[in-house]
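So for the sequence shown, the working numbering puts the first residue at 239; every next one is plus one. Since the structure comes first, as structure tokens, the remarks are kept for the end.
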Amino acid sequence: MKILVLNSGSSSLKFQLFDMSKQQMLTSGLLEQVTDHQQAIASMEEMLSNSGCLKSVSELDGIGHRVVHGGEDFHDPVLINDQVLDAIEKLIPLAPLHNPANLTGIKIARMRAPDVPQVAVFDTSFHQNIPEQAYIYALPYTLYEKYKVRRYGFHGTSHRYVAQQAADYMAKKWGKNPAELKLISLHLGNGTSAAAIENGQSIDTSMGMTPLEGLVMGTRCGDIDPAIPFYLARETGMSIQELDDLLNKQSGLKGICEENDMRTIVQLAEQGDYRSELAINIFCYRIKKYIGAYMAALNGIDAIIFTGGIGENSSLIRERACANLQYLGIEINTEKNRQHCRKIQEIQNDSSRIKILVIPTNEELEIAMQSAHIVTNMRGNI
Ligand code: AMP
239 MKILVLNSGS SSLKFQLFDM SKQQMLTSGL LEQVTDHQQA IASMEEMLSN SGCLKSVSEL
299 DGIGHRVVHG GEDFHDPVLI NDQVLDAIEK LIPLAPLHNP ANLTGIKIAR MRAPDVPQVA
359 VFDTSFHQNI PEQAYIYALP YTLYEKYKVR RYGFHGTSHR YVAQQAADYM AKKWGKNPAE
419 LKLISLHLGN GTSAAAIENG QSIDTSMGMT PLEGLVMGTR CGDIDPAIPF YLARETGMSI
479 QELDDLLNKQ SGLKGICEEN DMRTIVQLAE QGDYRSELAI NIFCYRIKKY IGAYMAALNG
539 IDAIIFTGGI GENSSLIRER ACANLQYLGI EINTEKNRQH CRKIQEIQND SSRIKILVIP
599 TNEELEIAMQ SAHIVTNMRG NI
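Quick look at the structure:
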């Protein structure tokens, strides 16, 4: 079974082709500075055919599309039809930067491969079962009813994938029952988020109605006092658009130390740069606070998972985020933490009550698996 995974962004197109019988990636590509998605998809088809892995897109068993916002309509991945497209279109106000580009990719792919089943996999759907107490904001309730203002959460595909990997690993190694497993997943990349996971289900997550809330990110502020934008508007005359840009694009690590790439920040901190050191401390302190909060929400945990570009690669960030948490049963092992490998790695001390796992994420494979599942079910129903 061959599944193509498409991530159609506003200015880029990423694709990966999988052979699902071996869960193996056959080829992949990234097209950047995309202005014409039709052209980009034509280029992708040419790249696929040149790779020798696929003569034509009509040979595919399915196409899995990443869709950022599924709102309250989508708790699971779905087979795409006209109603699904309408529903994704109606969600554009909740994700004005992402959903339109995702939709464009879907529409062109449907035109190019009309007989190939296409599946939408949403970043939000993993978090759609979190309880009301975690998703309703303390705002007038009518705003939820009328405008769907609530926590949705993102990075769901990644959190789901690493949680499943952790469950398989812990069942095999310690005979841990996945149904009793409590995890905190920390996806630390350019965007960062934490999820509290029980029995394979998200019960809370740090991103909110939009991906701006929660942990400190590359350029996004995460949690701040919501009165700050009003104060700035009054004091500086900044417009809504300027404030949006400030909080989403000029804040986070970049706001604190003028750099948003964690590798550069770590290097600068090592050279004694004060603001880079401060940015790292703020980043890690925020993670620590979420670990504490989610341990309380879950009434204890079995493991913490680090994933994403920073989570998988930065021993310094993992060390600082887990430092001085012995009281909570979290003890990182400095040596194990510094060994780098590309598979699941345990980095806690033997005496640590809580396991600390580094798990490489693979959102594309997760989308391919979810899509293959839907295509197989669909065939079974014919
Ligand atoms: P992602 O969005 O998951 O691709 O992650 C991107 C982030 O991972 C960037 O901030 C990179 O600087 C960071 N990253 C990648 N490798 C390392 C590393 N070895 N040390 C620190 N940060 C890293």
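Positions of the beta carbon are idealized from the N, C-alpha and C atoms, including for glycine.
query: Count the CB pairs spanning the region 590-606 and the region 249-260 that are closer than 8 Å, and state whether there are at least three.; result: yes
query: Can you tell me which of the three DSSP states D257 falls into?; result: strand
query: Would you mind listing the beta strand (DSSP E) stretches within the region 353-433 that are 3+ residues and don't spill past its ends, in chain order?; result: 356-360, 420-426
query: Measuring from the CB of N428, is there a heavy atom of the ligand AMP at a distance below 7 Å?; result: yes
query: What does the alpha-carbon distance come out to for the pair V400 and L424?; result: 10 Å
query: What is the DSSP secondary structure of G302, counted as helix, strand or coil?; result: strand
query: Taking the beta carbon of N245 as the centre, do at least 16 other beta carbons fall within 10 Å, making it buried, or is it exposed?; result: buried
query: So for K252, helix, strand or coil by DSSP?; result: strand
query: What residue range is occupied by the uninterrupted beta strand (DSSP E) comprising N340?; result: First-last for N340: 337-350, but that is the alpha helix (DSSP H), not the beta strand (DSSP E).
query: Go ahead and pull the three-state DSSP assignment for T614.; result: helix
query: Could you tell me if the beta carbon of N551 falls within a distance shorter than 7 Å of some heavy atom in the ligand AMP?; result: yes
query: Just the C-alpha distance for I435 and I503, rounded to the nearest angstrom, thanks.; result: 30 Å
query: What first and last residue would you give for the beta strand (DSSP E) that runs through L470?; result: Segment 466-474 is the alpha helix (DSSP H) holding L470; no beta strand (DSSP E) there.
query: Please say whether I241 and D299 have beta carbons closer to each other than 8 Å?; result: yes
query: Taking 7 Å as the line, does the beta carbon of I543 fall inside it for any heavy atom of the ligand AMP?; result: no
query: In chain order, what are the residue ranges of uninterrupted alpha helix (DSSP H) at least 4 long that sit wholly in the region 539-591?; result: 546-551, 553-560, 572-576
query: Give the range of the alpha helix (DSSP H) segment to which D320 is assigned.; result: 320-328
query: Check whether the region 464-477 touches the region 431-449, counting contact only when three or more Cβ pairs, one atom from each stretch, lie closer than 8 Å.; result: no
query: Look up S246 in the DSSP assignment and say whether it is helix, strand or coil.; result: strand
query: With H, G and I counted as helix, E and B as strand and the rest as coil, what does DSSP make of K492?; result: helix
query: State yes or no: is the C-beta of M533 nearer than 7 Å to some heavy atom of the ligand AMP?; result: no
query: So, L232 versus N319, is the Cβ gap smaller than 8 Å?; result: Absent from the structure is residue 232, since the part of the chain shown begins at 239 and ends at 620.
query: Under the rule that 16 or more other beta-carbon atoms within 10 Å means buried, what is T273, buried or exposed?; result: exposed
query: Would you mind sorting C495 into buried or exposed? The rule is 16 or more other CB atoms within 10 Å of its CB.; result: buried
query: Sort S396, A339, L323, Y379 by Cα distance to L426 and report the nearest one.; result: S396
query: On the DSSP bridge list, what partners appear for K240?; result: D257
query: Mind checking M349: buried by the 16 CB within 10 Å criterion, or exposed?; result: exposed
query: Should P449 go down as buried or exposed, given a rule of 16 or more other Cβ atoms within 10 Å for buried?; result: buried
query: Could you check if D499 belongs to the surroundings of the ligand AMP, using beta carbon to heavy atom distance under 7 Å?; result: yes
query: Please identify the residue among L484, I466, S489 whose C-alpha is closest to the C-alpha of T457.; result: S489
query: Could you tell me whether any non-hydrogen atom of the ligand AMP is closer than 7 Å to the CB of V306?; result: no
query: Is any heavy atom of the ligand AMP found at a distance shorter than 7 Å from the C-beta of I585?; result: no
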